[in-house]
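One structure is given below, encoded as structure tokens.
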Amino acid sequence: MRCSSVKDFPTSPWALLWFLLCFCCSIGFAADAADQLDFSTQECKLKEPIYGSTFDFNGLHSDLAHVIESPSNGNDKFDFNLCGNLTKTCNGESNVAACLKKNGKEYILGRQHELHYKDGKMYFKYKGGAKCENGTKENPNYQLHLILSCDYTVDVQPIHITPYSDEACSYYITYETPLACLSIPDAQQSNSCSVKDPKSDLTFDLMPLSDNNYRTSNRQNQFFLINVCKPVLYGQNSMCPPGSSICLFDPKETDFKKRFTNLGNSQSRPVVENGQLLLRHESPTPCAHNSSVNYTSVIYFSCDKEIRNAHPEFSGLGADSCTYLFNFATPLACKDLKPCTAFTSTNQHLDLSSLSTKPAHTLNKDGRNYTVAVCANAGNPCQENGGACYEQNSTTISLGNSNSQLRFNQSGSLYLLYENGAECPTPTGNKRWSTKIEFVCANNATKDNASAGNTDTEALKIIEDSNCQLLIQYQTPLACREPIRCQASIYVDHTTDGLGSSGDELIDLTPLISASDNYEARVELPASMEHLVPKSTKFFLNVCRPLVPKYQLGCAGGSAACMAKVAANGAPEEERSMGFPLVSLSRRNRTSAELLYVKGDPCPMDNKTDLSTRILFNCNMRAGRGQPVLRSIEDCAYDFEWETNVFCPPHECTFNAETCDLVHDELGQHFNFKSAPFTKDGKIEVDYNATKMSVNICGEHRKAMTDYSQALVNIFFRHESPNCGKEGTMNVQIRLICSNQTTTSSTISSDQQCNLLYVQRTPSICQFLSLAESQHDPNNGGTSTSSSTSTTTSTSTAKPAGKPTKATTSTTPSTPTTGADPAATPIGPSASVGRILAAILSVTFVVTCLGLFAFSPARRQRVRRFFRRSNSAVRYSRVQSNEEANLLLEPNGEFTESDDDMLL
Numbered sequence: 057m058r059c060s061s062v063k064d065f066p067t068s069p070w071a072l073l074w075f076l077l078c079f080c081c082s083i084g085f086a087a088d089a090a091d092q093l094d095f096s097t098q099e100c101k102l103k104e105p106i107y108g109s110t111f112d113f114n115g116l117h118s119d120l121a122h123v124i125e126s127p128s129n130g131n132d133k134f135d136f137n138l139c140g141n142l143t144k145t146c147n148g149e150s151n152v153a154a155c156l157k158k159n160g161k162e163y164i165l166g167r168q169h170e171l172h173y174k175d176g177k178m179y180f181k182y183k184g185g186a187k188c189e190n191g192t193k194e195n196p197n198y199q200l201h202l203i204l205s206c207d208y209t210v211d212v213q214p215i216h217i218t219p220y221s222d223e224a225c226s227y228y229i230t231y232e233t234p235l236a237c238l239s240i241p242d243a244q245q246s247n248s249c250s251v252k253d254p255k256s257d258l259t260f261d262l263m264p265l266s267d268n269n270y271r272t273s274n275r276q277n278q279f280f281l282i283n284v285c286k287p288v289l290y291g292q293n294s295m296c297p298p299g300s301s302i303c304l305f306d307p308k309e310t311d312f313k314k315r316f317t318n319l320g321n322s323q324s325r326p327v328v329e330n331g332q333l334l335l336r337h338e339s340p341t342p343c344a345h346n347s348s349v350n351y352t353s354v355i356y357f358s359c360d361k362e363i364r365n366a367h368p369e370f371s372g373l374g375a376d377s378c379t380y381l382f383n384f385a386t387p388l389a390c391k392d393l394k395p396c397t398a399f400t401s402t403n404q405h406l407d408l409s410s411l412s413t414k415p416a417h418t419l420n421k422d423g424r425n426y427t428v429a430v431c432a433n434a435g436n437p438c439q440e441n442g443g444a445c446y447e448q449n450s451t452t453i454s455l456g457n458s459n460s461q462l463r464f465n466q467s468g469s470l471y472l473l474y475e476n477g478a479e480c481p482t483p484t485g486n487k488r489w490s491t492k493i494e495f496v497c498a499n500n501a502t503k504d505n506a507s508a509g510n511t512d513t514e515a516l517k518i519i520e521d522s523n524c525q526l527l528i529q530y531q532t533p534l535a536c537r538e539p540i541r542c543q544a545s546i547y548v549d550h551t552t553d554g555l556g557s558s559g560d561e562l563i564d565l566t567p568l569i570s571a572s573d574n575y576e577a578r579v580e581l582p583a584s585m586e587h588l589v590p591k592s593t594k595f596f597l598n599v600c601r602p603l604v605p606k607y608q609l610g611c612a613g614g615s616a617a618c619m620a621k622v623a624a625n626g627a628p629e630e631e632r633s634m635g636f637p638l639v640s641l642s643r644r645n646r647t648s649a650e651l652l653y654v655k656g657d658p659c660p661m662d663n664k665t666d667l668s669t670r671i672l673f674n675c676n677m678r679a680g681r682g683q684p685v686l687r688s689i690e691d692c693a694y695d696f697e698w699e700t701n702v703f704c705p706p707h708e709c710t711f712n713a714e715t716c717d718l719v720h721d722e723l724g725q726h727f728n729f730k731s732a733p734f735t736k737d738g739k740i741e742v743d744y745n746a747t748k749m750s751v752n753i754c755g756e757h758r759k760a761m762t763d764y765s766q767a768l769v770n771i772f773f774r775h776e777s778p779n780c781g782k783e784g785t786m787n788v789q790i791r792l793i794c795s796n797q798t799t800t801s802s803t804i805s806s807d808q809q810c811n812l813l814y815v816q817r818t819p820s821i822c823q824f825l826s827l828a829e830s831q832h833d834p835n836n837g838g839t840s841t842s843s844s845t846s847t848t849t850s851t852s853t854a855k856p857a858g859k860p861t862k863a864t865t866s867t868t869p870s871t872p873t874t875g876a877d878p879a880a881t882p883i884g885p886s887a888s889v890g891r892i893l894a895a896i897l898s899v900t901f902v903v904t905c906l907g908l909f910a911f912s913p914a915r916r917q918r919v920r921r922f923f924r925r926s927n928s929a930v931r932y933s934r935v936q937s938n939e940e941a942n943l944l945l946e947p948n949g950e951f952t953e954s955d956d957d958m959l960l
């Protein structure tokens with residue numbers, strides 16, 4: 057029997073008793089579930105409560121110590137161990153688990169640790185640290201928290217320190233390790249995720265997309281957790297079933313064992329069907345709508361060379377209601393990439409094409425002479441199409457045919473693979489020789505200052521030539537990526553009911569990275585600091601990368617911020633570096649993040665101190681991309697503020713079916729599709745089966761979401777299409793992208809259910825997104841798409857950047873809404889006896905139910921949340937400016953121990 061809803065609130069006393077009993081029990085069950093998802097142990101392993109899997113971290117124990125330094129804090133050094141103590145002393149004491157070396161002194165951070173589990177997040181808490189001078193009453197001692205993060209690949213640098221203030225007493229380190237992941241079933245194990253298109257002979261490699269989980273809404277208060285090519289990375293509220301790449305997270309499900317549904321196992325073998333690149337995921341879970349079949353999920357990949365912060369979007373259900381369809385726009389799906397180039401998962405463009413014009417390299421190992429070329433034929437003595445070969449007894453042995461398709465391995469490293477060489481005998485039979493060239497960054501700091509023709513920093517080395525493969529390592533500055541991460545995940549609570557509709561979300565500033573220009577900051581200092589900056593001084597910055605070498609800037613190569621006195625002719629002089637990008641992005645909360653550039657030139661006011669730069673980014677939907685503003689200077693540290701909307705959370709807009717208006721209630725912006733320059737009275741045309749299909753954007757049941765990270769608005773709906781799919785309906789996703797170009801492309805994928813992805817780049821949508829000027833396309837490239845059963849249409853008309861077309865955009869003032877007072881019926885002489893009795897019994901049962909929770913802190917917290925809950929769909933929590941912001945120990949954002957605990 058189900059409990060009554062509030063809408064059917066009972067009027068009889070006995071019905072009211074039943075309602076209250078159900079209410080108390082539901083909260084009690086939720087509290088019991090919370091108790092099982094929050095525990096600690098003194099051991100170095102634990103059994104997670106949902107699937108019974110064991111996480112054993114004994115393999116992280118070191119015979120010596122794990123060591124990490126913090127470059128933003130004077131290279132403070134952290135020595136720590138796991139599942140045992142350090143073998144050396146700290147501040148003269150032995151049997152210590154963690155030690156901090158700071159300013160020539162040693163501080164004990166912990167003498168032992170305990171392993172914690174909280175809603176999927178696992179971390180070691182080091183206890184028994186030395187007394188901290190800046191400690192609080194609740195936490196007077198030094199503390200270290202080591203967060204264990206799932207990563208199926210073993211990175212060169214798996215340990216990361218969270219930036220902290222000089223007065224900090226609590227420190228946070230993240231350790232990325234496969235030991236924090238659920239095991240991958242043997243049938244799903246794979247080190248590659250690529251496919252060769254037989255028509256174009258191009259290889260599509262999707263492995264770079266496996267670095268992160270992706271979270272997208274089903275627009276019905278549930279969320280999809282997705283990983284590409286790998287299972288979902290286990291973590292806080294990311295506890296998908298083992299082996300699943302796509303799962304549905306229902307935050308309101310009180311039974312935590314039913315909260316995550318497997319919608320598809322990991323799949324590392326993409327396919328190209330009718331020209332469409334896709335991944336099809338089969339689930340072992342029976343479909344709720346038809347138990348005779350299991351769930352299936354399909355991700356359709358489309359080309360977009362200009363996109364930043366690429367992520368999948370839910371397109372809709374298939375005709376059988378058991379198939380989930382997703383669209384994923386990414387440069388990794390493009391067919392017209394320049395040879396010998398590649399895009400990373402963050403859309404950084406790596407161009408190694410200049411290496412293909414160099415003469416073939418001659419290498420020697422064990423008496424053999426090898427000839428190798430990069431992305432080109434090696435020429436004599438190799439065969440006509442050979443990319444590598446060696447000579448033996450006057451005979452040339454082919455080591456693989458040349459090609460120019462760069463790939464990424466599972467750890468994200470760039471490589472080139474030549475295959476189909478000469479036959480190679482092995483004990484198990486004949487194979488064919490191949491050559492693998494791995495590219496290694498020669499200089500992280502000065503990527504842009506190394507020209508393609510500079511060979512001083514380039515080196516080739518044969519690593520091995522066994523098992524029928526020649527392995528070469530090629531060091532070149534062309535393989536260098538941005539030196540630091542410009543993304544940070546943060547745990548955010550979206551709950552209004554205390555059940556925890558929460559999870560990790562990504563703060564991503566990569567859309568602000570500029571490979572063509574630098575940003576010039578405005579100066580808005582308080583009057584007391586104006587004398588510190590002469591009027592002729594200008595400040596140039598870039599985001600998460602070195603400055604672009606232009607404007608004759610003479611700051612040290614690799615600098616990310618530079619101050620310069622500008623002469624009358626506009627030429628910069630007396631330049632000073634204000635810091636290098638050595639520290640990755642640090643989140644403060646969901647709407648604020650911080651970036652530090654350190655180790656700049658000596659400070660003019662204090663030669664013993666280096667110049668440094670701190671940029672505080674704040675979400676502001678009205679700000680567009682924004683601009684850095686110098687706000688203060690203190691102790692040779694320059695503090696900038698940067699309001700921008702590129703990392704603001706998505707906002708659901710209102711769609712007026714009668715007027716065909718898209719309305720952004722919060723900004724007071726309207727966009728009318730009937731007068732849009734790319735529609736005919738609100739309709740668009742796409743090619744399908746050699747005919748023109750008309751799709752009406754106007755109508756009922758349209759969902760519209762802004763995506764500021766991609767400068768676009770997504771429109772989702774279902775369109776009647778009698779000749780398409782099994783039921784004659786089509787899932788439609790329209791991407792309206794703010795751009796200084798006007799281009800149109802469409803892709804229709806037809807299986808059981810038709811799926812239309814329509815991409816419209818236009819300056820007319822820019823004002824709606826508070827982008828005063830159209831977005832410049834960073835790579836100056838068009839959009840290429842592929843289609844399954846239809847021809848892709850594409851038109852391109854270049855337009856100068858400017859204000860959007862006013863015919864389709866208007867602004868209206870936002871009007872606050874006032875809710876009506878709730879109706880109340882007093883209990884008095886006019887009330888019935890039944891209602892009086894109901895009131896008495898209500899009070900009795902409430903007191904009784906509250907008594908049931910008196911002995912459980914988790915249950916008390918559930919009751920507290922229920923009565924304190926807000927009406928906001930999203931809630932954020934701020935912490936002090938000297939702390940990193942939070943992964944919210946408590947879903948409602950309340951502090952339970954100290955502000956420092958918010959990081960866990």
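Using the numbering used here, you'd call the opening residue of the sequence shown number 57 and step up by one each time.
Quick reminder that beta carbons are idealized off the backbone N, C-alpha and C, glycines included.
How many angstroms separate the CA atom of residue i from the CA atom of residue j?
{"i": "E362", "j": "I793", "result": "11 Å"}
{"i": "T230", "j": "I164", "result": "19 Å"}
{"i": "P342", "j": "P297", "result": "14 Å"}
{"i": "F111", "j": "D135", "result": "24 Å"}
{"i": "G185", "j": "A617", "result": "38 Å"}
{"i": "A876", "j": "L768", "result": "Reliability fails at A876, whose pLDDT of 36 lies under 50, so the model's placement of it is uncertain and no value is given."}
{"i": "N131", "j": "C445", "result": "47 Å"}
{"i": "Y426", "j": "I453", "result": "10 Å"}
{"i": "G477", "j": "L526", "result": "11 Å"}
{"i": "Y471", "j": "M178", "result": "34 Å"}
{"i": "P834", "j": "A571", "result": "In this prediction, P834 scores a pLDDT of 42, lower than 50, which makes its location untrustworthy; the coordinate-derived value is nonetheless stated afterwards. Approximately 8 Å between the Cα atoms of the pair."}
{"i": "C542", "j": "R681", "result": "16 Å"}
{"i": "S273", "j": "E479", "result": "51 Å"}
In the DSSP output, which residue or residues are listed as bridge partners for residue i?
{"i": "P481", "result": "N486"}
{"i": "D175", "result": "Bridge partners of D175: none, in fact."}
{"i": "E494", "result": "Y471, Q529"}
{"i": "F279", "result": "S273, F305"}
{"i": "G974", "result": "Nothing about residue 974 can be reported from this structure: the residues present for the chain run from 57 to 960 only."}
{"i": "S205", "result": "E232"}
{"i": "F384", "result": "F357, P368"}
{"i": "I970", "result": "Examination of residue 970 is not possible in this model, given that the chain is present from 57 through 960 alone."}
{"i": "K759", "result": "F772"}
Can you tell me the Cβ-Cβ gap for residue i and residue j, rounded? I've got them flagged as a contact below 8 Å.
{"i": "C704", "j": "Y744", "result": "About 36 Å separates the two Cβ atoms, so there is no contact after all."}
{"i": "T352", "j": "R336", "result": "7 Å"}
Need the endpoints of the beta strand (DSSP E) that residue i sits in, please.
{"i": "S805", "result": "797 to 806"}
{"i": "G372", "result": "368 to 373"}
{"i": "E776", "result": "768 to 776"}
{"i": "N247", "result": "Run containing N247: none; DSSP gives neither H nor E here."}
{"i": "R643", "result": "642 to 645"}
{"i": "N574", "result": "Per DSSP, N574 belongs to no beta strand (DSSP E) and is neither H nor E."}
According to DSSP, is residue i helix, strand or coil?
{"i": "S300", "result": "strand"}
{"i": "A857", "result": "Unreliable placement is indicated for A857, whose pLDDT of 29 sits below 50; the coordinate value is still reported in the next sentence. Note: A857 maps to coil in three-state DSSP."}
{"i": "F824", "result": "helix"}
{"i": "H169", "result": "strand"}
{"i": "F113", "result": "coil"}
{"i": "E538", "result": "coil"}
{"i": "Q608", "result": "coil"}
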